[in-house]
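In what follows, a single structure is set out as structure tokens and then discussed.
Spelled out as structure tokens, the structure:
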């Protein structure tokens, strides 16, 4: 056990319970750093729970119990990391944790059942979990808050079983079990009346899939008809690469802005918009730099760290928070330094992989497992390969089209919609660019847009001589495919096709069936 | 009741996608434009020189190749279509125009394109963006998409006349079919109807899969025949139901429901007559294409329309149909793995039951029903519950 990467048998830390046996010893410097960050997380949680209204919310909302697992979630994402990677990860995740804590605090402040601050609530625009918040970049006095993010999305990251109750609720209400469990769980929360109620209005989006789109109907029924919160459905075009849909998309943005102005009394502020646009551009430049590094032999910002951070920064923040730009700068500085020193990320790199498809949400740290167990480097993933287009920083007319473009190219949606080329053909282009020999293809079984290309993926991979490893799962529901079953799909391929032995054999089979 | 003279003829038309009338129209030199969704305005595919057919995969058996490409998680309709395409069952098609409707249909057609399943050299694929909200912006999009992905390619590739006069003629022909189907459907309102739901379904489906002008004569004859037809003295059915839901092109679905004692008095599903066989009313002083698109958009009952106003309107539309056609209950059906109708069925069946007080049967089903004992049992039980409710004077909720 010690300072060097790969010096700890990580599997030995697992127990059959909810948490691991002990913290990982990473040498004095890294362990001390990691411990101070753990204290910071505990500080964020303490600051949050000290408020009486947040304690009240803790007992009102079933999903709040998952937040007890927050420190463990951060620990899961640091497994085996040392030096710059550990610091990059903490820079990303600690900020995300802080952002989620603030989001919860704001939600409960305005929630009619908890804080019931009516004046505050009037400044809130509810947004979907899977929605670009670009349309809020020009409203400095308003807050775009997503109820689904803390109730469902983050909850599953914290506790693998978090969504199961709500999935069951939706199915008991009559929803078939074959739909995507994410909108299914969100609909379940709404059916269970377990969403906080606040806001002057809401903006829903025809997000990633038919399931998401339809699940929104369930949510808006309660919002509009019972809670009296007007909803705007932002229907972004599906074939987003086509020129003849862009004017329609831009008009949807104009209509959405007018709707928000009408229901909040706020006025669109171009200065604030362009400030946000500059931040988005800077974040994009940083992300592009990280990806460029990942094309070399010394990748630095990769795996689940890249995925989760990009998702938060690109979609939910979208230029509205300077803290994320500061974090981007820090990450780039750390990565550049590590790159210059040719810092290795793992003990042994055996394969360079592109991770494609929709990742299993209850096992986000799987990408770290790939690195640590088998030496497979997840260079980038589908959800991180989002728009790299620079936004106009001064042209108001172009800005409308830019917001439309961002909305159309929301994470996941930019690949699951838009025709087969963005999902299928571009994967092989990325394989070439990143010099990847392997594709880890998440097969989220209920994602119809993705599995509808199953045969094409197989045939093209064979044609191009790329190792394609299917990893089937059910996104939010570990009862269908467990974490070990996910690992076994890789284990089988590595042993039978590659005929390799694991870099860290202690990780091949883990007792984490009951863990958070 | 005496069998309808042309029923067998219409049934035969539905046994093969490349049916007798499709072949006849192609022999006349007309191009066959295939589609797979009700959101593509039919008259635009029935301009002089072309005719439309909605793709089906009748007599589907194995779907192994379709399942390999699409996996077993996609609905059987899409898998059956792809299977049939790979088998060469759609080689007669000259072009396919499809909306990016549901993800599954979209992927199905994309696979057909990638696998080069259509053999004609000139065959082309067009994908349309269609509105998800019924508003001005959606209408502008719809019109532009119809121009760019239907009219322009038809003109450029097949030299089809897409003038206003040609559009008006296509709408007239479309309306003639709609009038005939509507007139036939009116008999379903009778207490002891002189046309069965099954017969009506067969006639309606034929109008989606065969060139319209070649059907008119036999439909007119059938209408006259039904007009003079004497129903059986003893009523055959124990309950009247509206069948609501996703794509139903399987001839056995309505048949099975009726064999189980429920008369399908109204059909609100893709391939049904509501709203697909509503005539298009054209004004002289407005752009024709815009009028067609507007009527398709405003009357559309597709579950993909996502604004709450339209969502609520879907349920009240079912209520209106049930009232008009004197239904005792509603059957909400959904093809298994269909995401849009999974949600619509779930909420719709609760709303119709709780807000509108109808007995509702909510079921999912395979694409090709065959002899489904499970569905038969459920419909029989539903009919019994409706009967009991009637006996109890509607005093108990069931």
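Chains as they are written, first to last, in this note's numbering: chain E, 615 to 1130; chain L, 1277 to 1674. We put the CB at the ideal spot given by N, CA and C, even for glycine.
Residue contact with chain E for residue 1414 of chain L: present (Cβ-Cβ distance below 9 Å to some residue of chain E). Contact with chain L is absent for residue 872 of chain E, since none of that chain's Cβ atoms lies less than 9 Å from the residue's Cβ.
Between the alpha carbons of residue 1053 of chain E and residue 989 of chain E lies a gap of roughly 14 Å. Pairing residue 958 of chain E with residue 912 of chain E, the inter-Cα distance amounts to about 7 Å. Assignment of beta-bridge partners to residue 739 of chain E by DSSP yields E:758, E:815. If only uninterrupted alpha helix (DSSP H) runs of at least 4 residues are considered, none is enclosed by the stretch 1619–1665 of chain L. Our two residues, residue 1467 of chain L and residue 1562 of chain L, have alpha carbons roughly 41 Å apart in a direct line.
Neighbours of residue 1523 of chain L in chain E, taken as residues at a C-beta separation under 7 Å, are lacking, since the least C-beta distance is about 14 Å. Contact of residue 1378 of chain L with chain E by beta-carbon distance below 7 Å involves 824. Ranked by Cα distance from residue 1665 of chain L, the first of L:1515, L:1586, L:1559, L:1596 is L:1515. Following the DSSP letters along the chain, one finds residue 1545 of chain L in no alpha helix (DSSP H) but inside the beta strand (DSSP E) bounded by residues 1538–1545. Its chain contains 763, 764, 768 as the residues whose beta carbon lies nearer than 8 Å to that of residue 714 of chain E, once the 5 sequence neighbours on both sides are disregarded; these appear in chain order.
DSSP places residue 1616 of chain L in the helix class (H, G or I) of the three-state scheme. The three-state secondary structure of residue 995 of chain E, taken from DSSP, is strand. In the DSSP secondary-structure assignment, residue 1308 of chain L is bridged to L:1327. Residues of chain E whose Cβ lies closer than 7 Å to the Cβ of residue 1409 of chain L are, in chain order, 847, 849. Taking a beta-carbon distance threshold of 9 Å, residue 1040 of chain E does not count as an interface residue toward chain L.
Listed by position along chain L, the residues whose Cβ is nearer than 8 Å to that of residue 865 of chain E are 1413, 1416. Where residue 1086 of chain E is concerned, the enclosing beta strand (DSSP E) starts and stops at 1081–1087.
The alpha-carbon of residue 728 of chain E is positioned some 48 Å away from that of residue 1552 of chain L. In the structure shown, residue 1334 of chain L falls within a coil segment according to DSSP collapsed to helix, strand and coil. Using a CB distance below 8 Å, the part of the stretch 1574–1587 of chain L facing chain E consists of 1579, 1580, 1582, 1583, 1584, 1587, ordered along the chain. Contact check for residue 1127 of chain E against residue 1097 of chain E passes: the beta carbons are separated by less than 9 Å.
Counting only residues of its own chain and dropping the five nearest sequence neighbours on each side, residue 706 of chain E has a CB closer than 6 Å to the CB of 919, 923. Boundaries of the alpha helix (DSSP H) around residue 1450 of chain L: 1440–1462. Cβ-Cβ separation between residue 968 of chain E and residue 1082 of chain E: approximately 10 Å, too far for a contact (criterion under 8 Å).
Beta-bridge annotation (DSSP): residue 1112 of chain E is not paired with any residue. Contacts with chain E (Cβ-Cβ distance below 7 Å) from the stretch 1324–1357 of chain L involve 1344, 1345, 1346, 1347, 1349, 1350, listed in chain order. Exclusion of the five residues before and after residue 1419 of chain L leaves 1565, 1566, 1569 as the residues of its chain whose Cβ lies within less than 6 Å of its Cβ. Using a CB distance cut-off of 9 Å, residue 1027 of chain E does not count as an interface residue toward chain L. Counting only Cβ-Cβ distances below 7 Å, residue 1420 of chain L has contacts in chain E at 858, in chain order. Rounded to the nearest whole angstrom, the C-alpha separation of residue 982 of chain E and residue 691 of chain E is 7 Å. If you check the CB distance, residue 1439 of chain L and residue 1031 of chain E do not come in under 9 Å. By the neighbour-count criterion, in which 16 or more other beta carbons inside 10 Å mark a residue as buried, residue 907 of chain E falls on the buried side.
Sequence-distant partners of residue 812 of chain E (beyond 5 residues in either direction) whose C-beta falls short of 6 Å from its own C-beta, in its chain, are 724, 725, 735, 738. The continuous stretches of alpha helix (DSSP H) do not include residue 1368 of chain L, and DSSP gives it neither H nor E.
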